[in-house]
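The opening residue of the sequence shown carries number 681 in the numbering used here; numbering runs sequentially from there.
The beta-carbon is built from N, C-alpha and C at its ideal position, and this holds for glycine as well.
Below is one structure, written out as structure tokens, with a few remarks after it.
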Amino acid sequence: MKTILVTGSNGLLGQKIIYALRNRSDVKCISTSRGENRMREKSGYIYESLDITDAQAIEELFLKYRPDSVINTAAMTNVDACETNRDDAWKMNVTAVDYLIDACKKIDAHLVHLSTDFVFDGRNGPYVETDEANPLSFYGHTKYEAEKRLMASGLHWAILRTIIIYGVLDDNSRSNVVLWAINSIRSKKTITVINDQFRSPTLAEDLADACISASLKKAEGIYHVSGMEVMNILDIVKIVAEFFDLDQQYIQPISSESLKQPAVRPPVTGFIIEKAVRELDYHPHTFIEGLSYLKKQLELVVK
Ligand SMILES: NC(=O)c1ccc[n+]([C@@H]2O[C@H](COP(=O)([O-])OP(=O)(O)OC[C@H]3O[C@@H](n4cnc5c(N)ncnc54)[C@H](OP(=O)(O)O)[C@@H]3O)[C@@H](O)[C@H]2O)c1
């Protein structure tokens with residue numbers, strides 16, 4: 681039986697990984713996140729509170745469970761907050777990764793680390809794994825710095841870069857582009873939506889499967905793991921509105937320049953996912969299939 685330890689398990693991706701791992705007979709699943717466990721289902725795995733900015737706590741826990749593989753989903757993920765609060769972003773997205781690397785070394789564990797399309801400048805998307813990174817934002821800079829530290833670590837590691845994760849969380853503690861569009865329009869709130877940036881939205885469950893596959897195979901190297909369609913963000917929101925039968929008059933297009941967000945975003949990302957398909961058995965849903973999946977989950981949450 682393999683032991684897999686997941687960090688940030690209260691987050692969107694973390695929750696999906698735990699749901700996919702719990703009750704598996706071939707995996708002992710150690711779920712960790714900051715503070716209390718906020719998942720609805722609490723059986724089929726072990727939960728330990730773990731703040732990954734605490735090096736000693738990481739080491740103690742890793743020595744206690746000796747995981748074969750660690751999946752690090754914990755991060756400071758709010759791009760604008762990273763831009764304005766750089767010390768915290770660095771501590772969480774770079775220094776904490778150093779701590780995880782050191783602890784993995786002590787027990788010879790494999791490390792799966794999550795990264796982002798924001799390591800690219802968005803001038804030449806969609807991207808393959810070997811394309812040159814050139815982050816525009818501080819968030820992208822921290823995530824790229826962590827990648828470099830992993831690459832130089834001498835550990836067995838896999839970096840899974842992803843793009844706009846969407847899905848439903850047990851405790852509704854986080855939003856994403858799809859939930860934001862649904863909830864805003866349903867409450868008759870006009871939303872301004874960027875019309876000059878292109879992305880590949882990624883169903884959280886698909887990404888969770890790729891993380892588990894990378895972990896069980898002890899995959900090595902960088903993998904691009906996203907949805908397969910590259911779409912204008914405005915079109916993503918319009919498709920959501922149409923799918924959920926929402927009034928499109930609440931959607932107000934806006935250019936990146938007019939929106940003036942603190943962090944600069946890459947204009948066109950999107951990934952070529954062939955390596956993940958080949959090596960991780962990654963077969964993502966289409967965006968419409970992902971929305972059908974999410975719709976069923978939302979109905980369950982309402983019940
Ligand atoms: N979301 C996206 O669209 C996107 C796009 C590209 C890449 N990524 C990358 O994918 C990964 C997963 O993203 P996600 O959307 O699942 O993130 P998320 O929902 O924001 O989850 C991150 C989790 O990390 C936890 N966390 C924060 N600080 C912590 C600490 N010091 N110690 C332990 N846990 C801590 C958070 O806890 P609390 O819930 O208590 O705050 C949260 O549950 C991240 O590495 C992110 O950079 C995400």
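- When DSSP reads this structure, F798 sits in no beta bridge, so it has no partner.
- The criterion of a C-beta distance shorter than 8 angstroms is satisfied by F951 and I843.
- Excluding the 5 residues flanking it on each side, T822 has same chain C-beta neighbours closer than 7 angstroms at C762, A769, W770, N773, V774, in chain order.
- Checking the DSSP bridge columns, you'll see V948 partnered with F878.
- Cα atoms of D706 and S935: separation of roughly 49 angstroms, rounded to the nearest angstrom.
- About 5 angstroms separates the CB atoms of Y727 and S711; that is less than 8 angstroms, so the two are in contact.
- A distance of 8 angstroms or more separates the beta carbons of K786 and E721.
- Considering only H963, A838, V857, the residue with the shortest C-alpha distance to A899 is A838.
- Annotation: the region 901-975 contains the following complete segments of the beta strand (DSSP E) (minimum length 3 residues), in chain order: 901-904, 931-934.
- For L978, the three-state secondary structure derived from DSSP is helix.
- With 16 or more other Cβ atoms inside 10 Å of its own Cβ, H790 counts as buried.
- A distance criterion of 7 angstroms places the beta-carbon of T687 in contact range of ligand 1, judged by its closest non-hydrogen atom.
- Note that the C-beta distance between I871 and I913 is not below 8 angstroms.
- Annotated three-state conformation of Y846 is strand, per DSSP.
- Shortest Cα-Cα distance from G694 to any of E979, D889, M911, P933 involves D889.
- Here M681 is exposed. Its C-beta has fewer than 16 other C-beta atoms within 10 Å.
- Straight through space, the alpha carbons of N852 and V799 are spaced by roughly 28 angstroms.
- Counting C-beta pairs with one atom in each stretch, the region 939-951 and the region 815-830 have three or more that are closer than 8 angstroms, which means they touch.
- When Cβ pairs closer than 8 angstroms are counted between the two stretches, the region 852-865 is seen to touch the region 685-703, the count reaching three or more.
- A distance below 8 angstroms separates the beta carbons of A956 and H904.
- Assignment of L883 by DSSP, reduced to helix, strand and coil, places it in the strand class.
- Nearest to A754 by C-alpha distance, out of A826, E937, V873, is A826.
- The closest heavy atom of ligand 1 lies less than 7 angstroms from the beta carbon of D731.
- Sorting I697, K918, Q877 by C-alpha distance to the C-alpha of E937 places Q877 at the top.
- Assigned with DSSP and collapsed to three states, V777 falls in helix.
- DSSP places E728 inside the beta strand (DSSP E), whose first and last residues are 726-729.
- Less than 8 angstroms separates the beta-carbon of V792 from that of L840.
- By the criterion of a C-beta distance shorter than 7 angstroms, N703 is surrounded in its chain by G724, once the five residues flanking it on both sides are discounted.
- Sequence-distant Cβ neighbours of I892 in its own chain, meaning closer than 7 angstroms and more than five residues away, are I697, A700, L701.
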